[in-house]
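Enquirer: Starting off with a structure, shown below.
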Amino acid sequence: MRRDAEKPVSFAGTFAREPVTCPSALSLQAQTVPAQAMPVVSRLGRLFGRGRRAEAGTAGADGAAEGFGGPGILAVAGLKKSYGARTVVHDAGLTVRNGEAVGLLGPNGAGKTTIFYMITGLVSADRGTISLDGQEITRLPMYQRARLGIGYLPQEASIFRGLNVEDNIRAVLEVVEPDRKTRERKLDSLLEEFNITRLRKSPSIALSGGERRRCEIARALASSPSFMLLDEPFAGIDPIAVGDIQELVMHLKGRGIGVLITDHNVRETLGLIDRAYIVHSGRILTEGTPEEIVADEDVRRLYLGEDFRL
1 MRRDAEKPVS FAGTFAREPV TCPSALSLQA QTVPAQAMPV VSRLGRLFGR GRRAEAGTAG
61 ADGAAEGFGG PGILAVAGLK KSYGARTVVH DAGLTVRNGE AVGLLGPNGA GKTTIFYMIT
121 GLVSADRGTI SLDGQEITRL PMYQRARLGI GYLPQEASIF RGLNVEDNIR AVLEVVEPDR
181 KTRERKLDSL LEEFNITRLR KSPSIALSGG ERRRCEIARA LASSPSFMLL DEPFAGIDPI
241 AVGDIQELVM HLKGRGIGVL ITDHNVRETL GLIDRAYIVH SGRILTEGTP EEIVADEDVR
301 RLYLGEDFRL
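For the sequence shown, full-length UniProt numbering gives the first residue as 1, with consecutive numbering after it.
Structure representation (C-alpha cells):
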C-alpha cells in the first residue's frame, strides 16, 4: 500500500465548448433506424462529435507535456476543484489500467464524486492533469473523451425510452461506425453477448431493471471504450442483483476494459475490485488492495469503522 504523495500540477482546466456539427451522424438510412430515433442520434452526434476529431494531447497552461500515464492507462495527477472559497478536492491522483477494476471510495462529502465527475468531463478541473493512453485530455469536453475511449454508465436509467432495444444500440453505432454492414454485425454481436437478442424488438420502456441495464451496457460498449466509469452501480438494487453487477465488472475486465467504480456500498465494491483509492477531506488518503484497505488503521478510524470485515 502506498500513500498518495503526488505534487500539484499547475493546469488551466477550462473545457472547450465549441459547437460541433456532424452531418454524417444525421444522414440515417430509413431502413436502419426509424424516424423516432432521429432526435436521439442527433444528440449522440453532438456527444461523440463525429464531424470533428478529438484534439487530445494539448498541453495545459503550465506546458504539461504528453506522455503522462502511458499506453493502456487512465491517469490523474494534481486535480484540484474549488467552489467559491471552499476547496473540495486537493491535488488528487490515481491510475486505472486496462483490464483492472479500481474503486474510488470515501465518506459522504469526501470529494470522491467530484473527482469522478472531473474524469468523465461532467465537472471541469481548476488544476491538474488527466491523461488517456499518454494523451492529455484535461480540457476536452465529454464527447471528445468518449470518442477517445472513456465510457460512462450513470447511476440513473439512461435508456432511450422511445426506442426499442436494437435501436438503442444502433443509435450509437450510427454515430461511431460509418459502414452499415459492420454496424449490423456489431449490433448482432452485442445483442448476443448480453443475452438480449430475443428482446431486440421490445420497447425499452417495457424492460425489467436487469434487462434495461444490459441494454445500457451493450449500448455503452457500442463505442468500443477502453475504460468504463460506473457511477453508483449498486445503488437501489436488490441483494439478489449484486451478482449481476459483479458479473458485469468481470465481463468488462475480460474484454480488457479498465473499470473505475464509485459507490457508497463499500463491502460490495471491495468484493469485486483489484484496488481502491480512499478519499477523505478532498485528498487521496491511501491506495491498495481490498485487504490492504481494510487493514489500514487510518481507513478504519476515519471511514470503515473498527468492526468492518470483508
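For every residue, glycine included, the Cβ atom is placed at its ideal position computed from N, Cα and C.
#1: Look at the Cβ atom of residue 165, then the Cβ atom of residue 196, and state whether they are nearer than 7 Å.
#2: Could you check what DSSP says for residue 90 in three-state terms: helix, strand or coil?
#3: Note down the Cα distance separating residue 253 from residue 176, rounded to an integer number of angstroms.
#4: Using a Cβ-Cβ cut-off of 7 Å (strictly less than) and excluding sequence neighbours within five positions of residue 190, which residues of its own chain qualify?
#5: Quick one: give me the first and last residue of the alpha helix (DSSP H) that residue 188 is part of.
#6: Could you say which of 89, 117, 82 lies nearest to residue 232 if we only look at CA atoms?
#7: Should residue 106 and residue 242 be called a contact, given that it needs their Cβ atoms to be closer than 7 Å?
#8: CA-CA distance, residue 130 and residue 184?
#9: For the alpha helix (DSSP H) containing residue 143, list its first residue and its last residue.
#10: According to DSSP, simplified to helix, strand and coil, what is residue 111?
#11: Can you check which of these residues, 147, 276, 134, 138, is closest to residue 259 by C-alpha distance?
#12: Can you give me the C-alpha to C-alpha distance between residue 226 and residue 119, rounded to a whole angstrom?
#13: Identify the continuous beta strand (DSSP E) that holds residue 288 and give its terminal residues.
#14: Determine the extent of the alpha helix (DSSP H) in which residue 209 is found, giving its start and end residues.
#15: Among 139, 310, 87, 93, whose alpha-carbon lies nearest the alpha-carbon of residue 290?
#16: Let's test the definition: count the other Cβ atoms within 10 Å of the Cβ of residue 303 and tell me whether it reaches 16, buried, or not, exposed.
#17: Could you tell me the boundaries of the alpha helix (DSSP H) in which residue 171 lies?
#18: Residue range of the alpha helix (DSSP H) that residue 253 falls in?
#19: Look at the Cβ atom of residue 256, then the Cβ atom of residue 134, and state whether they are nearer than 7 Å.
#20: Can the beta-carbon of residue 204 be found less than 7 Å from the beta-carbon of residue 153?
#21: Select from 240, 266, 300, 228 the residue whose C-alpha is nearest the C-alpha of residue 148.
#22: What does the alpha-carbon distance come out to for the pair residue 82 and residue 128?
Expert: According to the data block:
#1: Translated into the one-based positions of the sequence shown, residue 165 becomes position 165. Translated into the one-based positions of the sequence shown, residue 196 becomes position 196. Contact flag set, yes.
#2: Looking up residue 90 in the sequence shown gives position 90. It is a strand residue.
#3: Mapped onto the sequence shown, residue 253 falls at position 253. Mapped onto the sequence shown, residue 176 falls at position 176. Roughly 22 Å between the two C-alpha positions.
#4: Numbered from its first residue, the sequence shown carries residue 190 at position 190. Around residue 190: 169, 218, 221, 222.
#5: As a position in the sequence shown, residue 188 is number 188, starting the count at 1. Segment 180-193, the alpha helix (DSSP H) holding residue 188.
#6: By one-based count along the sequence shown, residue 232 stands at place 232. Relative to the Cα of residue 232, the nearest Cα in the group 89, 117, 82 belongs to 117.
#7: For the purposes of this step, residue 106 is identified with residue 106 of the sequence shown, where counting begins at 1. For the purposes of this step, residue 242 is identified with residue 242 of the sequence shown, where counting begins at 1. No.
#8: Here the question's residue 130 lines up with position 130 in the sequence shown. Here the question's residue 184 lines up with position 184 in the sequence shown. So the two alpha carbons sit approximately 34 Å from each other.
#9: What you label residue 143 is simply residue 143 of the sequence shown in a count that begins at 1. Segment 142-148, the alpha helix (DSSP H) holding residue 143.
#10: Reading the sequence shown from its first residue, position 111 is the one you call residue 111. In the structure shown, residue 111 sits in coil (DSSP, three-state: anything other than H, G, I, E or B).
#11: For the purposes of this step, residue 259 is identified with residue 259 of the sequence shown, where counting begins at 1. Checked all of 147, 276, 134, 138; the closest Cα to residue 259 is 276.
#12: Within the sequence shown, numbered from 1, the residue matching residue 226 stands at position 226. Within the sequence shown, numbered from 1, the residue matching residue 119 stands at position 119. Looking at the two C-alpha atoms, the distance is approximately 14 Å.
#13: Along the sequence shown, read from residue 1 onward, the residue named residue 288 stands at position 288. Boundaries of the beta strand (DSSP E) harbouring residue 288: 283-288, taken from the DSSP string.
#14: Taking the first residue of the sequence shown as position 1, residue 209 is located at position 209. Segment 209-221, the alpha helix (DSSP H) holding residue 209.
#15: As a first step, residue 290 is located in the sequence shown; it is residue number 290 there, counting from the start. Closest option to residue 290, Cα to Cα, is 310.
#16: The residue you call residue 303 lines up with position 303 of the sequence shown. Buried, because 16 or more other Cβ atoms sit within 10 Å of the Cβ of residue 303.
#17: As a working mapping, residue 171 is identified with position 171 in the sequence shown. Residues 165-176.
#18: Stepping through the sequence shown from its first residue, residue 253 is reached at position 253. The continuous alpha helix (DSSP H) containing residue 253 extends over residues 242-254.
#19: Position 256 of the sequence shown, counting from 1, holds the residue named residue 256. Position 134 of the sequence shown, counting from 1, holds the residue named residue 134. Not a contact, by the Cβ cut-off of 7 Å.
#20: Within the sequence shown, numbered from 1, the residue matching residue 204 stands at position 204. Within the sequence shown, numbered from 1, the residue matching residue 153 stands at position 153. No; because the gap between Cβ atoms is not below 7 Å, this pair is not in contact.
#21: Here the question's residue 148 lines up with position 148 in the sequence shown. Comparing Cα-Cα distances from residue 148 to each of 240, 266, 300, 228, the minimum goes to 228.
#22: Here residue 82 corresponds to residue number 82 of the sequence shown, with the count starting at 1. Here residue 128 corresponds to residue number 128 of the sequence shown, with the count starting at 1. Taking the straight line from one Cα to the other gives about 12 Å.
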